[in-house]
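Inspection log for the structure reproduced underneath, given as structure tokens.
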Amino acid sequence: MFRPSRKRREGEDRFLAWKVQLFLIGAAAAFAGMAMSLSWLVWVGIAVLLVAMVLRFLNVRD
23 MFRPSRKRRE GEDRFLAWKV QLFLIGAAAA FAGMAMSLSW LVWVGIAVLL VAMVLRFLNV
83 RD
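The opening position of the sequence shown corresponds to residue 23 in the numbering used here, with each subsequent residue numbered one higher.
Here it is as structure tokens:
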């Protein structure tokens with residue numbers, strides 16, 4: 023069974039601001055692409071979201 027810890031992690035996340043901004047940009051691009059039926063814009067949004075996901079694994083806490 024998965025039991026998440028409520029303990030705070032040590033150090034600060036230096037990419038937090040980048041991850042939030044990339045999530046907002048990627049989500050907005052994907053939704054705009056869906057609303058306007060532009061598949062290329064949806065793929066751009068997905069690519070931006072993937073970049074934000076990669077930042078999660080590059081995170082080295084100070």
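Note that beta-carbon positions come from the ideal geometry of N, C-alpha and C, so glycine has one too.
Work out the CA separation of residue j and residue i for me, nearest whole Å.
i     : j     : result
Leu77 : Lys41 : 7 Å
Gly67 : Asp35 : 23 Å
Gly55 : Leu71 : 14 Å
Ser61 : Ala50 : 14 Å
Ala69 : Phe53 : 13 Å
Glu32 : Ala57 : 41 Å
Phe24 : Ser59 : 39 Å
Leu46 : Arg30 : 25 Å
With distances taken between CB atoms, is the gap from residue i to residue j smaller than 8 Å?
i     : j     : result
Leu44 : Val64 : no
Closest by CA to residue i, which one among the options?
i     : options                       : result
Phe79 : Leu38, Ser27, Lys29 and Pro26 : Leu38
Met75 : Glu32, Gly48 and Met23        : Gly48
Between residue i and chain E, is the shortest Cβ-Cβ distance under 8 Å, so that the two count as touching?
i     : result
Phe37 : Reference to chain E is not applicable here, since this structure consists of a single protein chain.
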